[in-house]
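Engineer: Numbering (this note's numbering), first residue to last: 26 to 333. Quick one: structure below, then a few questions.
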């Protein structure tokens, strides 16, 4: 069985949207990635850090999904990373209310020995130095390294970010971040510029407007499924990344054609994530629901047309 190594935050979130608000709930990039990837036939492990305020029931939830948590460091007397945000009415923009790094401030990732030969490495949104630190511990070159990042690191750690970008195969960022990183407004030009920084594949996420995959001169677009209810977009990008990297890990195929399928699987799982607060929907999701929605995606995107 192929191995997926996931690096990222395991955290507490407090979220407010036009539809309600939560107290501290389970969140973090690695959590969403892990729950999403658990829908594929693979072995996965999370490298992260929490404080001893992190509930055992949350760790048990990850273990129940066959996610190896031996590399989640628990700091005695430490507090877990906490983020709080408030979404605007359009759900596309948000204000960060609180960011408490806590144990994450001094996080030094340690890759477990039995995952130093992982087939795929999914570097969730973290400081680029931490992402590089993980790659330095791999005993063999992974078949694929996927990196997620954000504009915060472009603002405050750009040289370190550019260093790690040189070492990866796939970058997943949103349209605003792609424009900032490249200095180009056109997403086609932005992807071409980002290619020159190192990644062979560029995935640009456009939220409710789908996702674009670029590889050299080839482009693929996957729509987002129109949903009756969008409750909370937190973690949707990470859920997408988990579906994308999980499918690639299971299928052992890193061709452009297969990545198209990975984009659809990622979009499919992300469509569930937004239907409830935090990880709630992903915790309840079963295989049949995933398969049924994949059929909806197929119906949405497939058509016959005669071209003379």
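A virtual CB, placed ideally from N, CA and C, is assigned to each residue, including glycine.
Identify the continuous alpha helix (DSSP H) that holds residue 322 and give its terminal residues.
Structural biologist: Its alpha helix (DSSP H) spans residues 312-326.
Engineer: Count Cβ pairs between the segment 50-65 and the segment 138-151 that sit closer than 8 Å; are there 3 or more?
Structural biologist: Taking 8 Å as the limit for Cβ pairs, the verdict is that the segment 138-151 does touch the segment 50-65.
Engineer: What number of angstroms, rounded off, separates the C-alpha of residue 226 from the C-alpha of residue 127?
Structural biologist: So the two alpha carbons sit approximately 34 Å from each other.
Engineer: What does DSSP give as the partner residues of residue 33 in its beta bridges?
Structural biologist: Its beta-bridge partners do not exist; DSSP assigns none.
Engineer: Can you pull the DSSP bridge partners for residue 119?
Structural biologist: For residue 119, which the question treats as bridged, DSSP gives the partners 112.
Engineer: May I ask you to report which of helix, strand or coil DSSP gives residue 253?
Structural biologist: The answer is coil: DSSP assigns residue 253 none of H, G, I, E or B.
Engineer: Given 8 Å as the limit, is there contact between the segment 263-280 and the segment 57-77, that is, 3 or more CB pairs closer than that?
Structural biologist: Yes, since at least three Cβ pairs between the segment 263-280 and the segment 57-77 fall closer than 8 Å, the two stretches touch.
Engineer: Could you tell me which residues DSSP puts in a beta bridge with residue 199?
Structural biologist: DSSP lists 230 as partners of residue 199.
Engineer: Quick test of your reading: residue 265 and residue 300, contact by CB under 8 Å. State the CB separation rounded to the nearest angstrom.
Structural biologist: No, residue 265 and residue 300 are not in contact; Cβ-Cβ is about 14 Å, not under 8 Å.
Engineer: Expressed to the nearest angstrom, what Euclidean distance is found between the alpha-carbon atoms of residue 295 and residue 310?
Structural biologist: When rounded, the distance between both Cα atoms is 11 Å.
Engineer: Sort 77, 293, 112 and 197 by Cα distance to residue 173 and report the nearest one.
Structural biologist: For residue 173, the nearest C-alpha among the options comes from 197.
Engineer: Who are the Cβ neighbours of residue 230 in its own chain at under 6 Å, not counting the five residues just before and after it?
Structural biologist: So the qualifying residues of the chain are 199, 236 and 262.
Engineer: Quick check: the segment 35-49 against the segment 99-116, are at least 3 beta-carbon pairs closer than 8 Å?
Structural biologist: The segment 99-116 is in contact with the segment 35-49.
Engineer: Whose C-beta lies closer than 8 Å to the C-beta of residue 319 among residues of the same chain, with five residues either side of it excluded?
Structural biologist: Only 289, 290 and 293 meet the Cβ criterion.
Engineer: Going by Cα to Cα distance, which pick from 31, 49, 57 and 32 is closest to residue 307?
Structural biologist: Nearest C-alpha to residue 307: 57.
Engineer: Leaving out five residues before and five after residue 77 in sequence, what residues of the same chain have Cβ atoms less than 8 Å from its Cβ?
Structural biologist: Counting only Cβ-Cβ distances below 8 Å, and skipping sequence neighbours, we find 99, 100, 101, 102 and 103.
Engineer: In chain order, which beta strand (DSSP E) runs of at least 3 residues are fully inside the segment 162-220?
Structural biologist: You should have 169-173 and 195-199.
Engineer: Skipping 5 residues on each side, what residues in its chain have a beta carbon closer than 7 Å to that of residue 113?
Structural biologist: The residues are 119.
Engineer: Quick check on this structure: which residue in 328, 132 and 171 has the alpha carbon closest to the alpha carbon of residue 144?
Structural biologist: Out of 328, 132 and 171, 171 has the C-alpha closest to the C-alpha of residue 144.
Engineer: Given 8 Å as the limit, tell me if residue 69 has its C-beta closer than that to any heavy atom belonging to the ligand ZN.
Structural biologist: By its list of ligands, the structure shown contains no ligand whatsoever, and the ligand ZN lies outside what it can speak to.
Engineer: Go to residue 294, then tell me how far its beta strand (DSSP E) extends in each direction, as first and last residue.
Structural biologist: That residue, residue 294, is in no beta strand (DSSP E); its alpha helix (DSSP H) goes 281-298.
Engineer: If you run the structure through DSSP and keep just helix, strand and coil, what is residue 159?
Structural biologist: Of the three classes helix, strand and coil, the one that applies to residue 159 here is helix, per DSSP.
Engineer: Could you name the residues that DSSP lists as bridge partners for residue 124?
Structural biologist: Looking at the DSSP assignment, residue 124 forms a beta bridge with 108.
Engineer: Just confirm the distance between the C-beta atoms of residue 159 and residue 32, as a whole number of angstroms; I'd bet it's less than 8 Å.
Structural biologist: Right, their Cβ atoms sit about 5 Å apart.
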